[in-house]
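S.K.: One structure follows; several queries about it will come next.
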Amino acid sequence: LLLRRQTASRFKIRLCMEMESFSGESAEAGMTCYYDENTWIKFGVRVKDGESLCFLEENRGRDRRRTDLGKAEIRQGELRISCSCEGLKRSFSLADAAGKTFSAEVGCAAYLCDEGYSYGKRFTGPMTGVYALGEKTYVLVTSFRTKNLNPVHVLLNKS
Numbered sequence: 007l008l009l010r011r012q013t014a015s016r017f018k019i020r021l022c023m024e025m026e027s028f029s030g031e032s033a034e035a036g037m038t039c040y041y042d043e044n045t046w047i048k049f050g051v052r053v054k055d056g057e058s059l060c061f062l063e064e065n066r067g068r069d070r071r072r073t074d075l076g077k078a079e080i081r082q083g084e085l086r087i088s089c090s091c092e093g094l095k096r097s098f099s100l101a102d103a104a105g106k107t108f109s110a111e112v113g114c115a116a117y118l119c120d121e122g123y124s125y126g127k128r129f130t131g132p133m134t135g136v137y138a139l140g141e142k143t144y145v146l147v148t149s150f151r152t153k154n155l156n157p158v159h160v161l162l163n164k165s
């Protein structure tokens, strides 16, 4: 798990991963939008019944939802994953080793902020990152870029 603090309400993240080894029923790799151990989004690939699937998973306190988006080609090759954030909206895209593209959207990810949620101590602040797990999962992160899109305001002294 590698996380960066979210510093803007509008941003884009681009991630490239080389899949050196990806097998076993617990294998997962992808991008995360993370607040704490109770609230996060994962978008990436996982192994289920011997097949590699693209998926989106949301964890909102005690409510966890996972949606499989289709079979992904995960041989030794590169995955390209991106996320665009516009306020509380998150739009995800993944291109697999064969060039097939998957997309998903979370319309309101308010649970990734601390206002109005009582899931215990909320201390980390919103972050984005990359993760990989599984005993036979080896990935190389070749690129992890964030671009803030908030306008820059300049104050001019007119005196």
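Everything in the sequence shown is counted per this note's numbering, starting at 7 for the first residue and increasing by one.
C-beta atoms are modelled at their ideal positions from N, C-alpha and C, and glycine is treated no differently.
1. Looking at C-alpha atoms only, which residue of 133, 104, 132 and 89 is the closest neighbour of residue 112?
2. Residue 49 and residue 36: beta carbons closer than 7 Å?
3. Quick check on DSSP: helix, strand or coil for residue 7?
4. Measuring CB to CB, does residue 153 end up less than 7 Å from residue 18?
5. Report the three-state DSSP secondary structure of residue 94 (helix, strand or coil).
6. Could you check if residue 96 is buried or exposed, using at least 16 other CB atoms within 10 Å of its CB as the buried criterion?
7. With residue 22 and residue 79 assumed to form a contact (beta carbons below 8 Å), what rounded beta-carbon distance in angstroms separates them?
M.R.: With the given structure in hand:
1. Each of 133, 104, 132 and 89 was checked against the Cα of residue 112, and the nearest Cα belongs to 89.
2. Taking the C-beta atoms as reference points, residue 36 is found nearer than 7 Å to residue 49.
3. Three-state DSSP puts residue 7 in coil, outside helix and strand.
4. For residue 153 and residue 18, yes; Cβs fall inside 7 Å.
5. In the displayed model, residue 94 falls within coil according to three-state DSSP, outside both helix and strand.
6. Of the residues assessed, residue 96 falls on the buried side of the cut-off, its CB having 16 or more other CB atoms within 10 angstroms.
7. Incorrect: roughly 16 Å between the Cβ atoms, too far for contact.
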